Amino acid sequence: MQRCWQHLWQMPLSEAGLLGVALARQTPRDVVLTDGDRCTLDNLRHNLRLNGVCEQDGARVEALEWNSACSLHPDVILGSDIIYDPASITALVALLQTLLLRPGSACSPTGCAYPAGAPTPDAGESTLASAAPIAYICTAVRNEASLQLFLRAAAEAQLTVKDCSALLQCGTH
């Protein structure tokens, strides 16, 4: 099933923003690469330019502090290597809760984080127009305590976290 992504928001995926650059060159109408570090933001802008991606293509870079108000309304949130510091977990989960639990939205059962108990779209629906935003977070478990803290905080925030690692084909080239 192909998903129609219109508003894609990338949380830090390395300081290079490689995934954000690749996605900006594809079909999303709006790709926002974010970080809280000014040097990283400059690097993200530089890498977009190097790859021929400009704001007219629907890609932009924005500063984002996890504990600040957020006016973004993404369909898809991509995060990589963002669950490592116990001190940042509360702000991360609060931001995800704000972005994922928008009033009046349904949820999509195909992703890794979605509102608990929300109604799901019919099986035949393939666009995000009727589905709630969804987050895909990729992480290496460097600190088991941080991961457990994230899982507890997500549950308290009424976010359901689904481990998708079993879907990966490890060791094949």
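Numbered by mature numbering (1 follows the signal peptide of the UniProt record, and there is no 0), the letters in the sequence shown go through residues -24 to -1, 1 to 149 in order.
Just so you know, even glycine gets a beta-carbon here, dropped at the ideal spot from N, CA and C.
Computed from a prediction, not measured in an experiment: that's the story for all the values here.
inquiry  = Considering Cα atoms alone, identify which of Glu132, Asp51, Asp13 is closest to Leu112.
reply    = On the sequence shown, position 136 is the one that residue 112 refers to. A small correction: the amino acid at residue 112 is Tyr; Leu does not occupy that position in the sequence shown. Among Glu132, Asp51, Asp13, the Cα nearest to that of Tyr112 is on Asp51.
task = Within 10 angstroms of the Cβ of Thr10, are there 16 or more other Cβ atoms? Answer buried if so, exposed if not.
result = Position 34 of the sequence shown, counted from the start, is the residue given in the question as residue 10. So Thr10 counts as buried.
query = In angstroms, rounded to a whole number, what distance separates the CA positions of Arg118 and Ser141?
reply = Residue 118 sits at position 142 when you count from the first residue of the sequence shown. Residue 141 sits at position 165 when you count from the first residue of the sequence shown. Answer to the nearest angstrom: the Cα atoms are 16 angstroms apart.
query = Quick one: what's Arg5 bridged to in DSSP?
reply = Within the sequence shown, residue 5 is the residue found at index 29, counting from 1. When DSSP reads this structure, Arg5 sits in no beta bridge, so it has no partner.
message = Please report the straight-line C-alpha distance between Cys30 and Leu(-2), rounded to a whole angstrom.
response = Indexing the sequence shown from 1 puts residue 30 at position 54. Indexing the sequence shown from 1 puts residue -2 at position 23. Roughly 13 angstroms separates the two Cα atoms.
ask   = Is Arg36 helix, strand or coil by DSSP?
value = Taking the sequence shown and counting its residues from 1, the one referred to as residue 36 is at position 60. When secondary structure is reduced to three states using DSSP, Arg36 falls in the strand class.
task = With DSSP collapsed to three states, give me the class of residue 158.
result = The structure shown has nothing for residue 158, since the chain only spans -24 to 149.
Rounded separation between Cys46 and Leu143 - CA only = Locating residue 46 in the sequence shown gives position 70, counting from the first residue. Locating residue 143 in the sequence shown gives position 167, counting from the first residue. Each residue's Cα considered, the two are about 32 angstroms apart.
request  = Tell me whether Asp11 sits in a helix, a strand or coil according to DSSP, three-state version.
outcome  = Along the sequence shown, read from residue 1 onward, the residue named residue 11 stands at position 35. Of the three classes helix, strand and coil, the one that applies to Asp11 here is strand, per DSSP.
inquiry  = For a test of the three-state rule: what should DSSP assign to Ile65, helix, strand or coil?
reply    = In the sequence shown, counting from the first residue as 1, residue 65 sits at position 89. Residue state, collapsed to three classes: helix.
request  = From the DSSP output, in three-state form, read off Thr74 for me.
outcome  = Your numbering for residue 74 matches position 98 in the sequence shown. Here Thr74 sits in helix by DSSP.
ask   = What does a CB cutoff of less than 6 angstroms around Cys114 pick up in its chain, not counting 5 residues either side in sequence?
value = Position 138 of the sequence shown holds residue 114. Shown here for Cys114: same chain residues with a beta carbon closer than 6 angstroms to its own, the five before and five after excluded, namely Ser56 in chain order.
message = Which residue marks the beginning of the alpha helix (DSSP H) containing Leu125, and which one marks its end?
response = Numbered from its first residue, the sequence shown carries residue 125 at position 149. From DSSP, the alpha helix (DSSP H) with Leu125 extends over 120 to 132.
ask   = Do you know offhand how far Thr66's Cα is from Phe126's?
value = Translated into positions along the sequence shown, residue 66 becomes position 90. Translated into positions along the sequence shown, residue 126 becomes position 150. Each residue's Cα considered, the two are about 8 angstroms apart.
ask   = Which residues in the same chain as Asp61 place their Cβ atom closer than 6 angstroms to its Cβ, once the five residues preceding and following it in sequence are excluded?
value = For this step, residue 61 is matched to residue 85 along the sequence shown. Closer than 6 angstroms at the Cβ level, and outside the excluded window around Asp61, lies no residue.
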